[in-house]
Structures are given as structure tokens and as C-alpha cells.
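Participant: Numbering (the numbering used here), first residue to last: 20 to 467.
Just so you know, even glycine gets a beta-carbon here, dropped at the ideal spot from N, CA and C.
Right, I'll just put the structure down here and ask away after.
See the structure below:
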């Protein structure tokens with residue numbers, strides 16, 4: 020009864036008050052196909068100690084990224100996080116603070132969000148950035164809806180190199196919000212000619228750099244074509260560290276940049292919470308989702324910070340809201356900001372080049388293995404290789420040898436047999452020469 024204090028009589032009284040005859044009526048809007056009819060196959064009651072043991076045994080079956088040579092990527096990257104980051108974000112002023120509705124008592128929170136926005140705008144080469152969104156996939160979908168509002172059109176073209184999770188989130192939004200998607204085939208080479216898919220109904224083209232397969236692109240020519248035809252260019256960046264070495268999307272002519280900020284200050288964390296980045300041109304600011312923190316001066320001339328724009332349903336009438344995202348990833352944004360501030364511009368650039376150099380070494384070593392070929396010749400810290408056999412069993416065999424050997428494309432595209440032999444491999448600054456040697460030797464053994 021510790022966690023279930025209500026009696027059957029209590030529940031009946033509550034149902035009578037709201038005019039429902041059963042608890043099931045409360046879930047009438049949930050489709051029957053989405054409900055679990057019988058109870059889940061779980062023990063009905065266990066002590067706290069028994070639960071800890073059971074969960075611990077399940078967790079022990081995992082091969083954690085920090086306990087083995089890790090070559091995983093695919094939108095979530097293992098980077099070294101300075102100890103100062105976690106120490107600072109756990110200060111009570113940051114850890115327990117919530118939405119800064121009252122700026123006069125939220126100056127610290129507003130200031131770090133202002134600094135975060137500045138950093139994101141500088142990294143992406145854009146004029147303005149918001150105070151963050153949930154994650155990169157949500158930022159991508161919000162970018163498409165923003166393009167729809169700006170152009171008055173309702174058709175988006177998604178490149179084949181866009182991360183499959185981002186594609187699926189866009190498809191979910193399209194289904195319920197009501198816009199059309201044209202999704203290119205996810206074949207790493209060759210890329211489908213995107214300009215040919217533009218028509219007078221197209222609001223935007225969504226591309227990624229580096230793309231899902233690791234290939235690098237300069238989207239400048241595509242940006243010009245989009246603008247000539249009245250469409251916008253959305254550039255997605257899932258590995259923000261790449262911007263320490265690559266041409267930023269803003270210099271390519273991007274109108275909106277949607278990204279994932281997990282790589283800075285935020286550990287893998289089994290998939291979240293992560294950090295959505297969103298930047299755009301200043302002329303589009305009033306259609307930007309989320310919140311915008313601005314700098315001001317108080318009555319005494321002192322520097323201060325306020326919420327300049329709040330386009331969410333919590334702040335304004337639903338029909339005027341540009342987004343239904345009801346919070347931002349504030350603590351994750353703070354971790355991002357602290358990590359980047361510790362690196363500085365020089366350190367961030369060095370980190371990017373270290374990632375690239377490590378990946379080049381890995382690619383050269385892997386390419387020497389008989390039957391293995393490199394799919395994309397240009398990359399940052401992640402690339403795709405083609406194996407002589409399906410990649411999924413190879414990954415399992417590598418894991419049995421204590422190596423997290425990458426992501427088989429079939430895991431994200433299970434219905435495309437032509438991708439079965441493709442393996443995505445990433446190498447960050449956390450990968451050592453010894454890790455690369457172990458990976459090469461193990462892969463040779465598995466393929467022999």
C-alpha cells in the first residue's frame with residue numbers, strides 16, 4: 020500500500036465524480052491496438068532488494084560503451100566529458116531550477132541560455148538560435164513545420180542521407196499535423212538528385228552533413244536552387260563536433276539548422292536525455308519554435324536577460340503558438356555550454372581534427388582486410404564499410420569478443436536487404452591505437 024494508497028471505494032468515488040463508469044473509459048482515445056490486454060509478464064510483487072538484483076542481472080548482460088573498445092555512432096557519439104561539467108551542472112542553482120518565468124530571479128539560468136544560443140549560432144554560422152529543444156529529431160521536424168509556415172507550402176523533401184530516426188519523427192509529425200513528405204531512398208551511393216524533386220508545392224529540402232552514412236557534402240548549390248524555387252534548405256547536423264573542422268551550414272546558404280548537441284557535455288545515457296539545437300536567419304525569428312533569451316538593460320542600466328520570444332502554448336494562446344514543445348533541455352544545454360567554454364575555439368578545433376585523424380587511421384586499417392571496402396571516401400569521424408557478409412551477425416560476433424564494432428545498417432533499415440552488408444563505424448577521441456588494433460584483428464577473425 021506504500022505506492023497504491025487508494026481503495027476500491029476511493030476509485031469508485033473518483034469515477035462517479037467525473038462521470039465515468041470504469042477506468043477503461045479514461046483510455047477511450049487510445050486505440051485498442053495500442054493497449055496491452057493481459058498484464059505484462061512481470062513478477063507481481065518483489066522486495067526492493069529482489070528488484071535491484073533482477074535489474075542488475077539484466078544490466079550485466081550489456082556491453083557498456085565505456086568498458087570496451089567502442090566504435091558506435093549513428094547519431095550518438097562517445098566523447099570525453101571533463102569532470103568539471105558534471106560537477107558544475109549539479110550545483111543546486113542549476114540542478115533544481117525550472118523554467119525562468121520570472122526573469123528577475125532567474126538571471127543565472129537566462130544568462131547561460133543566452134550564452135548557449137550564442138555558441139550554437141557561432142558553430143552553425145547562423146544569425147540566431149533558440150534555447151534548445153528535446154533532441155535533434157524533434158528539432159528536424161520542427162524545422163520542417165517552420166518552413167511550411169514561412170513558405171505557405173506543405174511538402175518537404177527528405178534526403179536519403181538523413182538519419183532514419185529523424186525521417187520517422189518527421190513522418191509522425193506529417194501524419195498528425197498534415198503535410199506531405201517525399202523521402203528519398205536511403206542508398207549511400209549515389210545520392211538521388213534532390214533538385215529534381217523540387218516543385219511549386221515544396222516548402223523545404225532536408226539534408227544532413229555529415230550524412231547518416233558519414234559522407235561529407237557542400238550543399239551550397241542546392242541552397243541556391245531551393246531559393247530560386249521558393250523553398251528553404253534545412254541542414255541537419257547530428258555530430259556537432261564536426262563543425263570544428265567543416266564548413267558550417269550557414270556558409271552553405273542554409274535557412275534553418277537542426278542539430279543534436281549530445282556530443283558536447285552529455286554522455287550516451289542509453290539514448291537520452293539529449294539536446295536539440297535549432298538555428299535560423301534573423302528574418303525568420305518570429306516563426307522559430309521554442310524560446311529565445313535576449314539581453315537587455317534594467318532601470319539602472321545594468322546588463323540583464325529576459326525571455327524575448329516565447330512561442331509555446333504555455334505562454335500564448337494555442338492558435339498562435341508555433342510549437343507544442345513545452346520545455347527545453349536546459350540542464351543538457353548547460354552541460355553543452357560548459358564543455359564548449361572549457362574547450363574554447365582552439366580546443367574545439369583540435370578536438371575535431373583529432374576525431375578525424377583517428378577515423379582516418381581506423382579506415383586505413385579496416386580497408387586492408389580482404390573483402391572489406393570503404394563506401395564513402397570522404398568523412399569526418401564516421402564512415403560506412405561494406406562487408407562480404409551480412410553485418411548484423413558480425414557485430415554480434417565482435418560483441419562476444421568484447422568490442423562494440425559499429426551499427427549494421429539493417430538494424431535501422433530492416434526491410435532493405437540491399438543494405439544488409441553495410442556497417443557504420445565511428446571513431447572519436449576516446450578510441451586508442453590499441454582499440455583499433457583489437458578491432459582490426461577481431462574483424463579479420465570473424466570474417467575468416
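#1: Could you say which of 115, 33, 400, 359 lies nearest to residue 90 if we only look at CA atoms?
#2: Quick check: the segment 255-262 against the segment 89-105, are there 3 or more CB pairs under 8 Å?
#3: Residue 30 by DSSP, collapsed to three states: which one?
#4: Would you say residue 155 and residue 278 are within 9 Å of each other, going by their C-beta atoms?
#5: Tell me the start and end of each unbroken alpha helix (DSSP H) in the segment 191-232 that is at least 4 residues and wholly inside, in chain order.
#6: Closest by CA to residue 217, which one among 241, 116, 195?
#7: Using DSSP with H/G/I as helix, E/B as strand and the rest coil, what is residue 380?
#8: Output the residue ranges of the beta strand (DSSP E) runs that lie fully inside the segment 236-298 and measure 3 residues or longer, sorted by chain position.
#9: Would DSSP call residue 370 helix, strand or coil?
#10: Just checking, does the segment 376-383 make contact with the segment 184-199 on the three C-beta pairs under 8 Å criterion?
#11: Beta strand (DSSP E) containing residue 169: first to last residue?
#12: Quick check on the burial criterion: 16 or more other C-beta atoms within 10 angstroms. Buried or exposed for residue 12?
#13: Round the Cβ separation of residue 273 and residue 252 to the nearest angstrom and send it over; I've been treating them as touching at under 8 Å.
#14: Grouping DSSP H, G and I as helix and E and B as strand, with all else coil, what is residue 406?
#15: For residue 445, list the residues DSSP reports as bridge partners.
#16: Around the C-beta of residue 178, are 16 or more other C-beta atoms found within 10 angstroms, so that it is buried, or is it exposed?
#17: So what's residue 127 in DSSP terms, helix, strand or just coil?
#18: Just to confirm before moving on: does the CB-CB distance between residue 422 and residue 442 stay below 9 Å?
#19: As a quick exercise: from 431, 349, 45, 413, pick the residue whose alpha carbon is nearest that of residue 114.
#20: By Cβ distance, which residues of its chain are closer than 8 Å to residue 301, with the 5 residues on each side in sequence left out?
#21: Report the rounded CA-to-CA distance for residue 226 versus residue 53, giving the unit in angstroms.
#22: Looking at the unbroken alpha helix (DSSP H) that takes in residue 471, where does it start and where does it end?
#23: From what residue to what residue does the alpha helix (DSSP H) around residue 46 run?
#24: By a C-beta neighbour count over all protein chains shown, 10 Å radius and 16 as the cutoff for buried, is residue 238 buried or exposed?
#25: Look at the alpha carbon of residue 112 and the alpha carbon of residue 394, and state the distance between them as a whole number of angstroms.
#26: Give the DSSP-derived three-state secondary structure of residue 489 in the structure shown.
#27: With 16 other CB atoms within 10 Å as the buried threshold, where does residue 236 fall?
#28: How would you call residue 167, buried or exposed, if buried means at least 16 neighbouring beta carbons within 10 angstroms?
#29: I need the boundaries of the alpha helix (DSSP H) containing residue 70, first residue and last residue.
Facilitator: Reading off the structure:
#1: Within the chain shown, numbered from 1, the residue matching residue 90 stands at position 71. Taking residue 90 as reference, the option from 115, 33, 400, 359 with the minimal CA-CA separation is 400.
#2: Contact holds: three or more Cβ-Cβ distances are below 8 Å.
#3: Looking up residue 30 in the chain shown gives position 11. Note: residue 30 maps to helix in three-state DSSP.
#4: By one-based count along the chain shown, residue 155 stands at place 136. By one-based count along the chain shown, residue 278 stands at place 259. In contact: residue 155 and residue 278 (Cβ atoms closer than 9 Å).
#5: Runs found: none.
#6: Working through the chain shown from its first residue, we reach residue 217 at position 198. The alpha carbon of residue 217 has as its nearest neighbour, out of 241, 116, 195, the alpha carbon of 241.
#7: What you label residue 380 is simply residue 361 of the chain shown in a count that begins at 1. Residue 380 carries a helical assignment under DSSP once its states are collapsed to helix, strand and coil.
#8: Correct list: 251-256, 275-279.
#9: Translated into positions along the chain shown, residue 370 becomes position 351. Collapsing the DSSP output to three states places residue 370 in a helix.
#10: Output reads no: the segment 184-199 does not touch the segment 376-383.
#11: As a first step, residue 169 must be located in the chain shown, where it is residue number 150. Going by DSSP, residue 169 is part of no beta strand (DSSP E) but of the alpha helix (DSSP H) stretching over 155-170.
#12: Limits of the chain in this structure are 20 at one end and 467 at the other, which puts residue 12 out of reach.
#13: What you label residue 273 is simply residue 254 of the chain shown in a count that begins at 1. What you label residue 252 is simply residue 233 of the chain shown in a count that begins at 1. Between residue 252 and residue 273 the Cβ distance is about 5 Å, and since that is below 8 Å, they are a contact.
#14: Within the chain shown, the letter at position 387 stands for residue 406. DSSP places residue 406 in the coil class of the three-state scheme, outside both helix and strand.
#15: Position 426 of the chain shown, counting from 1, holds the residue named residue 445. 401.
#16: The residue given as residue 178 occupies position 159 in the chain shown. Label assigned to residue 178: buried.
#17: Locating residue 127 in the chain shown gives position 108, counting from the first residue. Here residue 127 carries a helix assignment [DSSP, helix/strand/coil].
#18: Stepping through the chain shown from its first residue, residue 422 is reached at position 403. Stepping through the chain shown from its first residue, residue 442 is reached at position 423. In this structure, residue 422 sits away from residue 442, with a CB-CB distance that is not shorter than 9 Å.
#19: Taking the first residue of the chain shown as position 1, residue 114 is located at position 95. The shortest C-alpha separation from residue 114 is found at 349.
#20: Residue 301 sits at position 282 when you count from the first residue of the chain shown. Within the same chain, residue 301 has close Cβ partners 146, 147.
#21: The residue you call residue 226 lines up with position 207 of the chain shown. The residue you call residue 53 lines up with position 34 of the chain shown. Note on geometry: alpha-carbon atoms of residue 226 and residue 53 lie some 33 Å from one another.
#22: Nothing in the structure corresponds to residue 471, since the chain is present only between 20 and 467.
#23: Position 27 of the chain shown holds residue 46. If you look at residue 46, you'll find it isn't in any alpha helix (DSSP H); DSSP assigns it neither H nor E.
#24: Against the chain shown, residue 238 aligns to sequence position 219. Buried.
#25: In the chain shown, the residue the question calls residue 112 occupies position 93. In the chain shown, the residue the question calls residue 394 occupies position 375. Approximately 48 Å, taken between the alpha carbons.
#26: Past the edges of the chain, shown from 20 to 467, lies residue 489, and the structure says nothing about it.
#27: Here residue 236 is taken as the residue at index 217 of the chain shown, counted from 1. Buried is the call here.
#28: Taking the chain shown and counting its residues from 1, the one referred to as residue 167 is at position 148. With a 10 Å radius around the Cβ and a threshold of 16 neighbouring Cβ atoms, residue 167 comes out buried.
#29: The residue you call residue 70 lines up with position 51 of the chain shown. Its alpha helix (DSSP H) spans residues 67-78.
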